[in-house]
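According to this note's numbering, the sequence shown is numbered sequentially starting from 3.
Worksheet: one structure, shown below.
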Amino acid sequence: MILDKIVAHKKKKVAEEKHQLSLSKLVEKLDCIQPPRNFKNSLKKENQLTIIAEIKKASPSKGVIRQSFDPLEIAEVYEESCVEAMSVLTEDKFFQGSDDYLKQVRKTTSCPLLRKDFIIEAYQVYQSKLLGADAILLIAAILTKQQLIEFQRIAEQVGLYCLLEVHNEEELDKVLEAGGEIIGINNRNLKTFETTLKTTEKLISSVPKNKVIVSESGIHTREDMQFLQKLGVNAVLIGEGFMVAEDIGKKIRELRG
Ligand SMILES: O=C(O)c1ccccc1NCC(=O)[C@H](O)[C@H](O)COP(=O)(O)O
Numbered sequence: 003m004i005l006d007k008i009v010a011h012k013k014k015k016v017a018e019e020k021h022q023l024s025l026s027k028l029v030e031k032l033d034c035i036q037p038p039r040n041f042k043n044s045l046k047k048e049n050q051l052t053i054i055a056e057i058k059k060a061s062p063s064k065g066v067i068r069q070s071f072d073p074l075e076i077a078e079v080y081e082e083s084c085v086e087a088m089s090v091l092t093e094d095k096f097f098q099g100s101d102d103y104l105k106q107v108r109k110t111t112s113c114p115l116l117r118k119d120f121i122i123e124a125y126q127v128y129q130s131k132l133l134g135a136d137a138i139l140l141i142a143a144i145l146t147k148q149q150l151i152e153f154q155r156i157a158e159q160v161g162l163y164c165l166l167e168v169h170n171e172e173e174l175d176k177v178l179e180a181g182g183e184i185i186g187i188n189n190r191n192l193k194t195f196e197t198t199l200k201t202t203e204k205l206i207s208s209v210p211k212n213k214v215i216v217s218e219s220g221i222h223t224r225e226d227m228q229f230l231q232k233l234g235v236n237a238v239l240i241g242e243g244f245m246v247a248e249d250i251g252k253k254i255r256e257l258r259g
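The structure is reproduced here in structure tokens:
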């Protein structure tokens with residue numbers, strides 16, 4: 003399964019990174035902790051479906067999505083279009099992302115930034131803060147309940163919000179038991195890559211009303227947005243839909259209606 007391959011690669015990469023910069027040295031670098039931009043509040047607006055716009059060059063399901071890929075140019079359009087948050091893919095092998103993209107984008111925008119990667123070790127939580135993220139993604143399919151609790155605790159200490167991603171009831175129970183506040187329902191089945199908004203439709207009734215609900219993946223049209231808003235979703239996470247658009251600003255206006 004692709005997730006196993008991604009995690010195996012990630013383990014190797016983090017081991018190399020730790021060799022170059024130990025956890026204690028990394029933590030030392032975080033001497034003056036800045037509070038994060040309010041990722042959570044920016045996603046929850048009355049009567050509005052907010053947008054987390056993703057900077058994503060490639061994916062395991064689609065290969066290269068955007069040939070002429072310039073993360074800063076894309077971030078500029080997102081900023082001008084007043085998206086509520088941005089998500090920057092930093093995974094290198096399968097998504098052709100980079101930590102540098104996040105660092106560079108951070109310097110050019112005050113918009114809340116999500117580091118989109120596969121976090122499997124506490125080291126990466128500290129590292130995300132150092133890169134300039136305001137929020138991290140924690141994927142229930144690759145983490146135990148204990149890890150979800152521990153990584154959220156560290157995130158809170160260093161000043162990061164957590165988006166906890168689920169794809170089924172079992173994962174949802176796990177993140178709720180772990181005290182997740184921002185719940186991402188991923189419409190993509192990571193085994194088959196099939197995406198259907200029915201996943202959000204199915205799971206949303208089991209999410210307590212006080213949580214922030216993000217619907218992730220496979221969102222392409224104004225009709226998709228209207229469908230999700232009617233379900234009670236707070237925010238959408240969109241990558242491919244924007245990355246394939248010739249005019250990204252126009253696509254955002256179209257989706258917002
Ligand atoms: O996008 C993939 O193919 C993928 C494969 C395996 C694990 C994760 C994957 N995507 C990560 C994401 O969560 C999406 O980038 C994000 O939800 C945006 O989805 P989309 O709008 O469909 O690009």
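We treat Cβ as the ideally placed atom computed from N, Cα and C, and that holds for glycine.
Helix, strand or coil, according to DSSP, for residue i in the structure here?
i: glutamine 36; result: coil
i: serine 112; result: coil
i: methionine 88; result: strand
i: lysine 7; result: helix
i: asparagine 212; result: coil
i: serine 44; result: helix
i: isoleucine 57; result: strand
i: threonine 194; result: coil
i: isoleucine 187; result: strand
i: glutamate 173; result: helix
i: glycine 65; result: strand
i: glutamine 2; result: Because the chain here runs from 3 to 259, residue 2 falls outside it and cannot be looked at.
i: glutamine 50; result: strand
i: glutamate 93; result: coil
Going straight from the alpha carbon of residue i to that of residue j, what length do you get?
i: asparagine 40; j: lysine 131; result: 14 Å
i: leucine 25; j: isoleucine 122; result: 14 Å
i: methionine 227; j: leucine 51; result: 8 Å
i: isoleucine 156; j: leucine 178; result: 18 Å
i: threonine 92; j: arginine 117; result: 7 Å
i: glutamate 218; j: asparagine 236; result: 11 Å
i: alanine 142; j: isoleucine 240; result: 20 Å
i: lysine 147; j: serine 89; result: 24 Å
i: leucine 162; j: leucine 133; result: 12 Å
i: aspartate 119; j: isoleucine 138; result: 8 Å
i: isoleucine 184; j: glycine 234; result: 14 Å
i: glutamine 106; j: phenylalanine 71; result: 14 Å
i: leucine 257; j: arginine 224; result: 5 Å
i: phenylalanine 153; j: glutamate 167; result: 14 Å
i: isoleucine 215; j: leucine 23; result: 36 Å
i: phenylalanine 244; j: threonine 194; result: 22 Å
i: serine 61; j: asparagine 188; result: 15 Å
i: asparagine 191; j: leucine 174; result: 14 Å
i: asparagine 170; j: serine 63; result: 20 Å
Can you give me the start and stop residues for the beta strand (DSSP E) that residue i sits inside?
i: valine 238; result: 237–240
i: valine 79; result: Not the beta strand (DSSP E): valine 79 falls in the alpha helix (DSSP H), residues 73–82.
i: valine 168; result: 163–168
i: isoleucine 156; result: Careful: isoleucine 156 lies outside any beta strand (DSSP E), inside the alpha helix (DSSP H) at 147–160.
i: leucine 230; result: Segment 224–233 is the alpha helix (DSSP H) holding leucine 230; no beta strand (DSSP E) there.
i: leucine 139; result: 137–141
i: isoleucine 121; result: Neither: isoleucine 121 is in no beta strand (DSSP E) and is coded neither H nor E.
Using the beta-carbon count (16 or more within 10 Å), is residue i buried or exposed?
i: glutamine 69; result: exposed
i: methionine 3; result: exposed
i: proline 37; result: exposed
i: asparagine 49; result: exposed
i: cysteine 84; result: exposed
i: cysteine 34; result: exposed
i: threonine 110; result: exposed
i: proline 210; result: exposed
i: glycine 181; result: exposed
i: glutamate 172; result: exposed
i: serine 207; result: exposed
i: asparagine 212; result: exposed
i: lysine 58; result: buried
i: alanine 10; result: exposed
i: alanine 17; result: exposed
What are the boundary residues of the alpha helix (DSSP H) that residue i is part of?
i: leucine 116; result: It is not in any alpha helix (DSSP H) - leucine 116 instead sits in the beta strand (DSSP E) that spans 115–118.
i: valine 127; result: 124–133
i: glutamate 256; result: 250–258
i: serine 26; result: 25–31
i: glutamate 203; result: 200–205
Three CB pairs or more closer than 8 Å across the region 70–83 and the region 42–49: By the criterion of at least three beta-carbon pairs nearer than 8 Å, the region 70–83 is not in contact with the region 42–49.
Contact between the region 192–200 and the region 27–34 (3+ Cβ pairs under 8 Å): These segments do not touch.
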